[in-house]
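Visitor: Pasting a structure below so you can have a look.
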Amino acid sequence: MFVLMLPVMYRVVLGPTALDRIVAINMIGTKTAVLLVVIGQFFDQAGMFVDFALAYALLNFVGSLAAARYFKRTRPIHHDLNPDSQPEPGAPAI
Amino acid sequence: MKGLALFAVAFTGALLLYATGDFPDWGSLDSPANGGELSTHYIKEVRKETEVPNIVTAVLADYRGFDTMFETVVVFVAGIAIIAVLRDFGNGSRGYPPALANNLPEEPDLIVTQTCNLVIPVLQIFALYVLAHGHHSPGGGFQGGVMLGASYILIALANGVEAAMKILSERKILLMAATGILIYSGTGLVCLLLGENFLDYHVLSRILPTDPIMARSHAMLFVETGVAFTVTAVMFSIYANLATRGTLKGGL
Amino acid sequence: METITSPIPLFACLASLLAVIPIVAFGKNPNLRESFTFSAGFAKLTLVLLMLPWVLDGKIVEFTFVDEIVKGVPLQFRVDGLGMLFTLVASTLWILTSLYAIGYMRGAHEGSQTRFFAFFAVSLSATLGVAFAANLLTMYLFYEMLSLATFPLVTHHQDREARTGGRTYLTYLLSTSIGFVLPAMIYCYWKSGGNMDFSTGGFLAEKVGPTESLVLLLLFVFGFAKSGVMPFHSWLPNAMVAPTPVSALLHAVAVVKVGVFCIIRVFTGVFGTDFLKTMDVAVVISWIAGFTVIVSSLIALTQDNLKRRLAFSTIGQLSYIVLGVSLLSTFGVTGSILHIAMHACGKITLFFCAGAIYVAAHKKYISELVGIGRVMPVTMSAFFIGSLSVIGLPVTGGLISKFYLVMGTMQAGHMGLLAVFLVSSILNAAYFLPIVYKAFLCRPEESQFEPGIKEAPLACVVPLCITSIMSVLLFFFPGILLDLASLITGVGN
Amino acid sequence: MIPAFDIILLVFLVVTSVIALRVRDLLAASMVFGIYSFLICLLWAEMTAVDVAFTEAAVGAGVSTVIMVATVYQTARRSKD
Amino acid sequence: MEFFEQLIIPKFNYWIYVILMMIGMRAMIAKNNLVKKLIGMAIFQTAIILFYVSIGVKEGANIPILDHHMMPGEIHGGDPVVVAEFANPLPHVLMLTAIVVGVATLGLALAMSQKIYRAYGTLEEDDILSQIKLEPND
Amino acid sequence: MGEQAPIVIVLAPLFGALLIAFVGIRFKALCLPVTLGALSLSLAATVETFRTVLARGEFVYLLGGWKRLQEGDGISIGIEYRVDTISGLVLLVIAAVSLLVAIYSRTRVVADTPDRVPYYYMLYLLLVAGLAGMTITNDAFNLYVLLEISSLTSYALIAVGSRRAVLSAFNYVIMGTIGASFYLLGIGYLYIKTGVLNMQDIHAVIIANDLAESPSIRVASVLILMGVWIKMAFFPLHAWLPNAYSYSPTTTGALMAPLVTKVMIYIMIRMMVTVFGLDYSFRATPGMPLHWSNLVVTLSSIAIVAGSVMALSRRDLKKMLTYIIIAEVGYMVGGAWLANEKGMTGAVYHIVSDAFMTLCLFLAVGVIIARTGQSRIEGMNGLFKKMPLTMAAFTIGALSMIGLPPTCGFFSKWYLVGAGIEAGQWHYVGALLFSSLMNAVIFFRIFEMAYFPKEVNEAEPACFDPDAHPLETLEKTPSSMAIPLWISAVTLIVLGVFNYTIVQWIASALQSLNFFPAAG
Amino acid sequence: MFEITISIISGALICGGLVFFLGAAVGLVRFPDFYTRMHSAGKGDTLSTIMILLGIALYQFHDLFREAHSLEEFFEHFKIELLVAIKVTAISVLIMLTSPTSTHALMEAGYDDGMEPFTCEDEDADENQNGKESAGQ
Amino acid sequence: MYQVLVFFLLLLTWVIFSGLFDPFHLSLGVLSCLLVTWMSSGMLFADRAASVWSRGRQAFLLIGYASWLLWQIVLANVHILKLALSPSGLEEVRPRVVRFRTGLRSEFGKFVLAQSITLTPGTVTIKIIGDEFVIHAISRLAADGLDGAMEARIAAIFEPELGDHLAVVAEGGHS
């Protein structure tokens, strides 16, 4: 499973845009919840671990939603392939 | 500056590594911390003394309950502090740069809203479950509180901060946060008024229909509830303020 | 030695301090204000005189405010002969100075007189505190208080000159006292094992070695920079920007005398002359003082400003005292103690005169004083008597103290220092007598004074007359002073 | 504890922390920080610290990331380093 | 090699924590962007938490929650508690507090950075400093 | 009551803050009375505690009633409070200073932060609670939590000021977090080797297992020291302090400057004495080329000199005072590390006296700012005439700072210099005297400015940024500002005159320790 | 027997989940633009998670018939395991609910952000009634 | 009535979570459920007036729908898998943006539809603007798969009155 996480990490690292990263992050988050349950199995205490896997699943959603909302609430950035060179559109000119 | 930082960091790192060789092996059973009298006592005696299976909760809320009270106060302080620092009471905008161009008009998204509507009650009931079952499974006041707070954050994310503020207004937040600490410290204070030391819960058996040991257990639930109150309120308040730059209007 | 515990020293000290309250309160009404100054002065003198018989009986008056302000050291007053003598001089002269100050301040139309009188009173309290102090710490406390309380007096005019003068004044006094006296004092405290009481034998006796004592002595002598020992003397001429009553009382009597008083205390009370004699170190101090005497006299010769000349003269005279006490001989110490009183009377007279001249004729420079004896004969006569006293000529008190000092030199066997005395006396004469000569004996046509000028106001003239008379009287009746001095030196008169 | 998990997670952790600090887009940085706290949470769970893991889960996923995003929203998204 | 076995392997966690801490601390001091600094701060704090939690780990131990049947309330007497079976709860308790403190600090610092942004229009430390230089200063 | 007094010290401000949260938000006028009430209660409890300590010696309050194991001889399983005369003194200082500043704040808070008064007072009270708790607790980790409370509140209290204040508060957050984290790490290193958290237990375990030589403990001590030093702004680590204190609102400066650094110094002393033990702190470690305490004393000498010099170069009153604080921190750290009883006594006494000195000066400067609208030295022209009473109090504070008798500053210097001589640390003595002189120069420069009438002076720019609140100047000093100022000024003299009593109290707490003269 | 069956089924589920996860991960790497990656992530993630979770949920029962001293104890075990299984299922339901939502939300975010979808103008473009929309305006 | 329903639903959730049936914890559960009901009962269902029976029916049908959807999800994943893993998969990626109008009225219906679209092969909902769905399809095939079948199923559950109309469309499209 961790091995499978590697390609996802690849997206996180390279990403080209923030959204790509966020997608990958969302995925990792979901998998984390799964992994928690797996760890619970290791400890033979799945009952305990399920609780916070559940919490995790719920809260992970909050994180991605916030990120998504960020984009929704900002003025569109005109993308080209190198977003890092873009100036911040919302920044006041001082 | 950079060089200095590098030096400081390297120095600290070297210092820390210097001591690492001296540590007991990772996971060793008989290191002073693990095999020591203190943790042994907690593990061995916790059921006798408090009847709470989750040792962490017992230590958190009872043995080191005072720490936890102040942990709650830390949260409270954070809430107050953020309001004090950031809150824009409408007349504090002297000389600031013009409002960011970021604030687009609110348009709730059907899918997100619907999902949140479904998720939020579940999240809330789960949060309360976590709070109530802190004795038996991981969790407790803080975790429950954060999740409850997160549920309000979720409302804000789905329907905008203002919608969430309608449910949990700023005044309510403050009251709730203060009530949380009041519940915690009030529990302690009742112990004090009953003639024992602060937070010495067993004396609560005089007013609760239980024996002293169970009184400890129940009192822990009280204080966890207090923690949850504060944490809920403050977590939401932190979000609401940060997301709206303290105006509590518009924002993320 | 019998000890009397009595709060009188405290009251004596407080008399002027408490007077500050009504002085400030009635600042609007000059006459009422000054009446308080006077009543405080008289109250103080009365209290001091009350103690005089006890002290002369060889008793010691003690009063303790705080039992242990630091471990083993109380905040305590103890009145002994030396302190009594100094107090007597200071409180007597205060009354006279007050009278003079009224005349001077009103005559010269100075501003902020309330502040002036208030701080004047505070300074007096501090002076008394130093005089009564029973230990080094108490003394230091009042010493610093005096430095600070006199600052507003020195800078009374609040102009640029006053600012410079005041800055110099405080820089010298504070830096030396903090930089030298404080560590020395703490070192003493540590060495003596927590005891700082002045005692006849010296509380530090036998506890320090020669090098340490030399260093400590130097620290003390330079640290009490109010004594004006070179090279820490230049505050004194600069402080002459102050109104003349201040110069008169403080820089002829209180402040500078506090400096030398402290040094005497250090020699007699801290180390003990007997102990110092066993180590041949005090002679270094003697030579420094001797150097100061000569050099300051030479500088005085070159000064045209009357008050500055007086100031340099004061520096020299103060070093007499330091020199005397550093000789460690009985006569030397006696001479030093006497010289405090004698020089005070003489020098205050001179300052009063200088002030009176300024009030009456607005003249500050010696070169302008040609023929002034004709328009202000009383003042200049007093000036003459004062000069005699400072030079050490009969029939003034200065002769007696100088006599003792010279005796002390011979007793100690330092012939070189004897030469210092002689040379300096000649120099003293050289810088004072020409003034008198020009004032009285010049030809009338050389007089630069227009007819309108006459004697200064009565309030100015009366005090200077009194002080000059006192100088003379002290020559004839030095007994009481000798008695007091002998209490310290332990030699019967 | 599960040593294999432990080592993998720790290595991931270091990598993520470096990424979080190197990414110039602050929004991405804060999201990567979110991953960081996921991993941390797993790590705690793996080290038997369930309560800590729970807290970290709640805080890291529910609050820290969100408030960071909120701050980035209210300030600038690009960073010079 | 022996060094490796003695110092690295058994103390792997401690090594990583030091590395994380150094990363975080360097970011705190040397990063130019305020939010980056705060991310560094959070990493720094987690590193410390990692250290503490590592203290409490026991080989082969389970989570520090007693089973129900061990509770005296349910079945009197119960099985005796074997200390080695449960992880050390104390570091966990401490770290709960530390996490809370961390998030509180983070929130407050973020609030401050927003306010700084409002005042200076940037979050870059050097830009802010150059702006300050223009202001009247002591 | 006496039994429960220690907890009331901390709880009173806490409940005060809650009460403000309940009623103060709506009725803003109630905030100050509630604050005053809570602080008075805290002060009363402190006095009561202190009396108990004087009567009975050190005593322990068990929170949660968890007694030590094995009939009270074993390790502590809960958290306990421990009050001895030293912590009692520091508590007294905290309670008194905070009460005075609260009175003082009546007009200031409304003027500085008009729309957030209740929040301000809540933070204020919680800061006091945190500081008092830090002083009184005997549990190393509990100390950390309280440290964070006080840090968070102080960050916020600073950040409510002008925009520069926010920036400096941010720096403070970074530095403060590093400091607190170092402290936490240090506790971790102690815990990993000892397995306990109670300070006395840690010490006992170190002694019993002979751990003093182990690298972990050594590193722990370094970490804790570094952490505490950052928090107290010890010289090379001071960078956060000057801006933080000088740009913050008046009340914040007046509350924090006297208390925060002093409490941190107390904690350092506590760590040295209670946790590591003198034997550890002052003994020459075999592997180290430098004597441990020599090194620190040297550092503190540098701190003193550097602080004084930097203070001299400032033209802004508040800034100048903050640099003086840095120098004063050097006094106390050096004193504590002189390795003799006098030094430790002097350091503790200086905590008390410096708290009041700083208080007096900051209050006076606050009044000056309120009256003149700015705090540059050039702007003080003719203040002696305009506000003689304030300036008199300022003078007393300044004299105490310089170290002139009979103010308490003199006596602390007295003990410290004495201890320096005894320990043979001449450079420390020199630094102390140097800083006294520098202080003299600094303050007399101000006196001169204030005493002499105005000379030609170009328009002086205010140090406050233009978009801060417009500073309206008061016509006369309100009595709510004058009274605390004067109380603090008088306290300086009272503390000076009765210093021996205080020193005896300190000594009674120290006497069980076996001090020995440092070698070399 | 029961045990083995359960293990095999749950193992299969888990393996299936892992395969899908692999697909999603590879897709995430290989796909050309954000939207397509989103497809891969959103779907693969959901299903793989659900499958793994269901596998685990089933796995709970694998030791249902372990040594039990009494019927009561058996039910006790059963109850606990059932609860855990239900909870795990609940997680998967929640994920089923939230995962598409976040996929959608992110999609929309990208769309609103003006990210140009990589589209292929097919010959039969007119088949879509409303035509294609070039995003970003 | 509505709130009672919500309460019992929540209580069911609680019991699932809790797994402890002693009176103490149950009473805590009741308390919490009351609290949540009071706090956020307004969120769960849009139509408060609907009868219990209709809700029951909907729930029942929803379960059936869910199982169908699950199968669709599997299909979707296989699709993705194919695209991702096969060497020629990328060739088939022909993304496009599609818009279509729905006949569904209720928000919940739209929501379920959107979710289903997201989960089914090759399509993801980007936006809902009024009645219009903006959908991103990964390939032409996927875009073509967007027929009315799903809509009809949903309509059958939530909006039976619409169902007949839509069902016809579905029949037509499905063949």
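Protein chains in written order, with our numbering: chain S, 6 to 99; chain F, 616 to 867; chain Y, 1111 to 1603; chain W, 4 to 84; chain C, 4 to 141; chain L, 846 to 1365; chain P, 446 to 582; chain Z, 121 to 295. Ideal placement from N, C-alpha and C gives every residue a C-beta, glycine not left out.
Starting from the C-beta of leucine 763 of chain F, find all residues in its chain whose C-beta is less than 7 Å away, skip the five residues before and the five after it, and write them out in chain order.
Guide: Along the second sequence, one-based indexing puts residue 763 of chain F at 148. Here the set comprises Gln739, Ala742, Ala843 and Thr847.
Visitor: Which whole runs of the beta strand (DSSP E) in the segment 1147-1196 of chain Y are 3 residues long or more, in chain order?
Guide: 1170-1180 and 1183-1189
Visitor: Considering only C-alpha positions, which residue in the set P:Ala554, P:Ala457 and P:Met552 is nearest to alanine 502 of chain P?
Guide: By 1-based counting over the seventh sequence, the position of residue 502 of chain P is 57. Among P:Ala554, P:Ala457 and P:Met552, the Cα nearest to that of alanine 502 of chain P belongs to P:Ala457.
Visitor: Measure the C-alpha to C-alpha separation of serine 547 of chain P and leucine 884 of chain L and round it to an integer number of angstroms.
Guide: In the seventh sequence, the residue the question calls residue 547 of chain P occupies position 102. In the sixth sequence, the residue the question calls residue 884 of chain L occupies position 39. Their backbone Cα atoms lie some 51 Å apart in a straight line.
Visitor: Is the CB of threonine 840 of chain F under 9 Å away from at least one CB in chain C?
Guide: In the second sequence, counting from the first residue as 1, residue 840 of chain F sits at position 225. Chain C, which has no Cβ nearer than 9 Å to the Cβ of threonine 840 of chain F, makes this no.
Visitor: Are the beta-carbon atoms of valine 1210 of chain L and alanine 1192 of chain L separated by less than 9 Å?
Guide: As a first step, residue 1210 of chain L must be located in the sixth sequence, where it is residue number 365. As a first step, residue 1192 of chain L must be located in the sixth sequence, where it is residue number 347. Note that the C-beta distance between valine 1210 of chain L and alanine 1192 of chain L is not below 9 Å.
Visitor: How is the beta strand (DSSP E) around histidine 256 of chain Z delimited, first residue to last?
Guide: For the purposes of this step, residue 256 of chain Z is taken as the residue at position 136 of the eighth sequence. Its beta strand (DSSP E) spans residues 252-257.
Visitor: Where does the unbroken beta strand (DSSP E) through arginine 214 of chain Z begin, and where does it stop?
Guide: For this step, residue 214 of chain Z is matched to residue 94 along the eighth sequence. Premise fails: arginine 214 of chain Z is in no beta strand (DSSP E) and is neither H nor E.
Visitor: How many angstroms separate the CA atom of asparagine 35 of chain C from the CA atom of isoleucine 1075 of chain L?
Guide: For this step, residue 35 of chain C is matched to residue 32 along the fifth sequence. For this step, residue 1075 of chain L is matched to residue 230 along the sixth sequence. Distance between the alpha carbons of asparagine 35 of chain C and isoleucine 1075 of chain L: 21 Å.
Visitor: Output needed for proline 1132 of chain Y: all residues of its chain with C-beta closer than 7 Å, excluding positions within five of it in sequence on either side, in chain order.
Guide: For the purposes of this step, residue 1132 of chain Y is identified with residue 22 of the third sequence, where counting begins at 1. Answer for proline 1132 of chain Y: Phe1146, listed in chain order.
Visitor: With a CB to CB cut of under 7 Å and the five nearest residues on each side skipped, what residues in its chain are close to arginine 1225 of chain Y?
Guide: Within the third sequence, numbered from 1, the residue matching residue 1225 of chain Y stands at position 115. Excluding sequence neighbours, arginine 1225 of chain Y sits near Pro1262.
Visitor: Check whether the Cβ of threonine 491 of chain P lies closer than 9 Å to any Cβ atom in chain A.
Guide: You won't find chain A in this structure, because its protein chains are S, F, Y, W, C, L, P and Z.
Visitor: Cβ of phenylalanine 476 of chain P less than 9 Å from any chain Z Cβ?
Guide: Residue mapping note: residue 476 of chain P aligns to position 31 of the seventh sequence, counting from 1. Under the Cβ criterion of 9 Å, phenylalanine 476 of chain P is counted among the residues facing chain Z.
Visitor: When you compare only the Cα positions, how much space is there between alanine 1313 of chain L and arginine 961 of chain L?
Guide: If you number the sixth sequence from 1, residue 1313 of chain L lands on position 468. If you number the sixth sequence from 1, residue 961 of chain L lands on position 116. At alanine 1313 of chain L the pLDDT is 44, less than 50, meaning the model places this residue with poor confidence; the figure from the coordinates comes in the next sentence. Cα to Cα, the separation comes out at about 15 Å.
Visitor: Among residues of its own chain, excluding the 5 on either side of tyrosine 711 of chain F, which ones have a beta-carbon nearer than 8 Å to its beta-carbon?
Guide: If you number the second sequence from 1, residue 711 of chain F lands on position 96. For tyrosine 711 of chain F, the pLDDT reaches just 43, beneath the cut-off of 50, and the residue's location in the model is therefore unreliable, although a value from the coordinates is still provided. Nothing listed; no residue qualifies.
Visitor: Taking 9 Å as the CB-CB cut-off, is proline 736 of chain F touching chain S?
Guide: Here residue 736 of chain F is taken as the residue at index 121 of the second sequence, counted from 1. For proline 736 of chain F, no CB of chain S lies under 9 Å from its own CB, so it is not counted at the interface with that chain.
Visitor: Which residue from Z:Leu233, Z:Ser206 and Z:Leu190 puts its Cα closest to that of isoleucine 540 of chain P?
Guide: Walking along the seventh sequence from the start, residue 540 of chain P turns up at place 95. Comparing Cα positions, the closest option is Z:Leu190.
Visitor: Quick check for students: name the residue ranges of the alpha helix (DSSP H) that lie wholly in the segment 775-862 of chain F, counting only runs of 4 or more.
Guide: 776-782, 785-808 and 827-858
Visitor: Beta-carbon within less than 6 Å of valine 1383 of chain L's beta-carbon, same chain only, minus the 5 sequence neighbours each way: which residues are those?
Guide: Any answer about residue 1383 of chain L is impossible in this case: the structure gives chain L only from 846 up to 1365.
Visitor: Could you tell me the boundaries of the beta strand (DSSP E) in which leucine 908 of chain L lies?
Guide: For the purposes of this step, residue 908 of chain L is taken as residue 63 along the sixth sequence, with counting starting at 1. Segment 904-908, the beta strand (DSSP E) holding leucine 908 of chain L.
Visitor: Give the interface partners of tyrosine 120 of chain C over in chain W, defined as CB-CB distance under 8 Å, in chain order.
Guide: In the fifth sequence, residue 120 of chain C corresponds to position 117, counting from 1. Ordered by position in chain W, the residues that pass the 8 Å Cβ test against tyrosine 120 of chain C are Gln77, Thr78 and Ala79.
Visitor: Using a C-beta cutoff of 9 Å, does leucine 631 of chain F count as contacting chain P?
Guide: If you number the second sequence from 1, residue 631 of chain F lands on position 16. By this cut-off, leucine 631 of chain F is not an interface position.
Visitor: What are the residues that DSSP puts in a beta bridge with valine 150 of chain Z?
Guide: Taking the eighth sequence and counting its residues from 1, the one referred to as residue 150 of chain Z is at position 30. DSSP, once it has assigned bridges, lists no residue as partnering valine 150 of chain Z.
Visitor: Could you pull the start and end residues of the beta strand (DSSP E) that valine 244 of chain Z belongs to?
Guide: Within the eighth sequence, residue 244 of chain Z is the residue found at index 124, counting from 1. Here the beta strand (DSSP E) through valine 244 of chain Z covers 243-249.
Visitor: State yes or no: is the C-beta of threonine 245 of chain Z within less than 9 Å of the C-beta of isoleucine 726 of chain F?
Guide: Locating residue 245 of chain Z in the eighth sequence gives position 125, where the first residue counts as 1. Locating residue 726 of chain F in the second sequence gives position 111, where the first residue counts as 1. Yes, these two residues count as a Cβ contact at 9 Å.
Visitor: Would you list, in chain order, the members of the segment 25-48 of chain C that have their beta-carbon closer than 9 Å to a beta-carbon of chain W?
Guide: Ile26, Gly27, Arg29, Ala30, Ala33, Lys34, Asn35, Asn36, Leu37, Val38, Lys39, Leu41, Ile42, Gly43, Ala45 and Ile46
Visitor: Since valine 21 of chain C and leucine 619 of chain F are thought to touch, with beta carbons under 8 Å apart, how far apart are those beta carbons, to the nearest angstrom?
Guide: Along the fifth sequence, one-based indexing puts residue 21 of chain C at 18. Along the second sequence, one-based indexing puts residue 619 of chain F at 4. Distance from valine 21 of chain C to leucine 619 of chain F at the Cβ level is roughly 20 Å; contact not present, criterion being Cβ atoms closer than 8 Å.
Visitor: Whole angstroms is fine: what's the gap from arginine 221 of chain Z's alpha carbon to serine 236 of chain Z's?
Guide: On the eighth sequence, residue 221 of chain Z is found 101 positions in, with the first residue counted as 1. On the eighth sequence, residue 236 of chain Z is found 116 positions in, with the first residue counted as 1. The straight-line gap from Cα to Cα measures roughly 15 Å.
Visitor: So, is phenylalanine 15 of chain W buried or exposed, given that buried needs 16 or more other C-beta atoms within 10 angstroms?
Guide: Here the question's residue 15 of chain W lines up with position 12 in the fourth sequence. Classification of phenylalanine 15 of chain W: buried, given that the 10 Å Cβ count is 16 or more.
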